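Residue numbers (our numbering): 315 to 699.
Using N, Cα and C, we set each Cβ at its ideal position, and we do this for glycine too.
All figures in this text were calculated on a predicted structure; none of them were measured in a lab.
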């Protein structure tokens with residue numbers, strides 16, 4: 315049996331990174347998907363938040379399930395099986411006739427995607443310089459999500475509608491199946507800092523809490539960005555195009571993060587990025603009707619700040635636990651934040667006005683900022699990989 319007793323090879327790490335990237339495509343494509351479904355009257359305004367929340371929440375559940383029950387001796391086989399399930403469920407979405415069916419199918423898909431994300435992350439944290447690899451992963455996510463979002467919004471959705479999104483997801487699952495074949499059959503457990511089993515302590519909780527709050531803020535904004543953009547004056551195709559372009563612009567944030575994640579103080583970066591998210595979302599809320607350029611620029615800045623902060627969330631987790639166990643939880647809490655953010659927004663938006671979602675985003679980012687203000691100076695250290 316092929317057992318990974320050393321660090322994973324470059325091929326295995328590359329496959330693991332792309333497995334993570336493909337498995338979270340919904341994070342960037344979801345606004346376009348839900349917007350297309352809304353315009354086709356396959357879902358209503360209330361269902362937008364529920365559909366987004368269900369898939370992302372189940373994705374997080376999938377990570378938990380894999381973390382607890384995934385046998386380390388069946389990494390490759392289970393990844394292949396989850397990829398096959400993703401292919402089948404995405405094609406089933408094409409034929410779904412009700413919002414209830416869509417929610418059930420996307421929720422089940424989220425479970426399989428979460429298991430794939432955990433699998434990829436499990437290999438990344440066993441590699442050399444995982445902090446830098448998380449920055450690379452964020453860059454690849456933007457590259458693929460931005461490119462796919464642009465293609466879908468400008469080429470396929472105007473012709474084939476929302477079903478073209480499901481077809482694209484199915485093709486990503488096919489690629490996942492091929493990537494899974496490059497993974498090791500089995501991996502060894504992570505080492506502990508000493509001979510005793512790892513125990514969660516209060517000092518381990520701040521990094522996951524801040525990651526959760528920052529992404530929940532983005533999720534609160536992102537879940538209703540299409541109707542909010544249309545309320546500002548964008549056409550449906552115009553806001554879809556703006557979303558895809560801002561995904562591309564956000565690559566600037568990931569590039570800077572890749573260059574600085576091992577030099578800059580992660581605690582300070584998370585504090586300042588949370589403050590920036592508060593300011594940006596409040597400025598978006600005050601944008602008057604017709605202020606399309608201002609709204610698009612602010613959306614791009616929000617994307618840049620968010621993607622810049624992502625690798626520092628993992629880096630900050632490493633400052634509290636060098637074994638990587640806290641870091642493996644970061645994708646989970648990010649997904650929980652992305653799932654619960656739209657749910658929070660759904661509690662404040664009105665039937666004909668989604669702009670209060672921006673206030674919800676600002677409030678959650680403000681909590682993250684306050685939490686980082688209380689970080690002791692001894693924890694505001696440079697990230698070590």
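Beta-carbon gap between residue i and residue j smaller than 8 Å
| i | j | result |
| --- | --- | --- |
| residue 673 | residue 490 | no |
| residue 627 | residue 521 | yes |
| residue 389 | residue 501 | yes |
| residue 530 | residue 646 | no |
| residue 561 | residue 373 | no |
| residue 368 | residue 417 | yes |
| residue 609 | residue 680 | no |
| residue 495 | residue 401 | no |
| residue 546 | residue 605 | yes |
| residue 256 | residue 366 | This structure cannot speak to residue 256, because the chain is shown only from 315 to 699. |
| residue 563 | residue 644 | no |
| residue 587 | residue 623 | yes |
| residue 535 | residue 671 | yes |
Residue from the options whose Cα sits closest to the Cα of residue i
| i | options | result |
| --- | --- | --- |
| residue 412 | 357, 449, 384, 389 | 357 |
| residue 485 | 359, 669, 404, 379 | 404 |
| residue 436 | 382, 472, 397 | 382 |
| residue 467 | 554, 425, 519 | 554 |
| residue 350 | 541, 423, 668 | 541 |
| residue 433 | 669, 528, 601, 379 | 379 |
| residue 353 | 549, 461, 452 | 549 |
| residue 377 | 641, 579, 516 | 641 |
| residue 430 | 516, 596, 414, 329 | 329 |
| residue 370 | 460, 533, 621 | 533 |
| residue 552 | 488, 391, 474, 607 | 607 |
| residue 478 | 346, 337, 492 | 346 |
| residue 449 | 670, 625, 643, 635 | 625 |
| residue 487 | 586, 375, 340, 469 | 340 |
| residue 483 | 621, 343, 664 | 343 |
| residue 337 | 518, 360, 574, 396 | 396 |
Local Cβ density within 10 Å of residue i, reported as buried at 16 or more and exposed below that
| i | result |
| --- | --- |
| residue 603 | exposed |
| residue 409 | exposed |
| residue 427 | buried |
| residue 584 | buried |
| residue 633 | buried |
| residue 392 | buried |
| residue 476 | buried |
| residue 375 | buried |
| residue 361 | buried |
| residue 575 | buried |
| residue 414 | exposed |
Same chain, Cβ closer than 8 Å to residue i, neighbours up to 5 away in sequence not counted
| i | result |
| --- | --- |
| residue 594 | 612, 615, 616, 619 |
| residue 592 | 676, 679, 680, 683 |
| residue 706 | This structure gives no information on residue 706, because the portion of the chain shown stretches from 315 to 699. |
| residue 662 | 670, 671, 673, 674 |
6 Å Cβ shell around residue i - same chain, five flanking residues per side excluded
| i | result |
| --- | --- |
| residue 464 | 558 |
| residue 660 | 363 |
| residue 406 | 419 |
| residue 527 | 678, 681, 682 |
| residue 331 | 451 |
| residue 387 | 500 |
| residue 474 | none |
| residue 424 | 369, 372, 373 |
| residue 385 | none |
| residue 517 | 634 |
| residue 480 | 404, 407, 408 |
| residue 658 | 534, 674 |
| residue 503 | none |
Span of the alpha helix (DSSP H), counted from its first residue to its last, around residue i
| i | result |
| --- | --- |
| residue 608 | 606-634 |
| residue 327 | 324-337 |
| residue 427 | 413-438 |
| residue 591 | 580-599 |
| residue 674 | 670-687 |
| residue 526 | 516-536 |
| residue 475 | Where residue 475 is concerned, there is no enclosing alpha helix (DSSP H), given that its DSSP letter is neither H nor E. |
| residue 648 | 639-662 |
| residue 551 | 550-563 |
| residue 495 | Per DSSP, residue 495 belongs to no alpha helix (DSSP H) and is neither H nor E. |
| residue 441 | First-last for residue 441: undefined, no H or E at that position. |
7 Å Cβ shell around residue i - same chain, five flanking residues per side excluded
| i | result |
| --- | --- |
| residue 453 | 565, 568, 569, 572 |
| residue 399 | 426 |
| residue 335 | 451, 454, 455, 458 |
| residue 441 | 321, 322, 327, 447 |
| residue 523 | 685 |
| residue 461 | none |
| residue 702 | The displayed coordinates of the chain run from 315 to 699. Any statement about residue 702 would go beyond what the structure contains. |
| residue 665 | 359 |
| residue 589 | 683 |
Beta carbon proximity, residue i to chain B, threshold 8 Å
| i | result |
| --- | --- |
| residue 490 | The structure shown contains no chain B; it is built from a single protein chain. |
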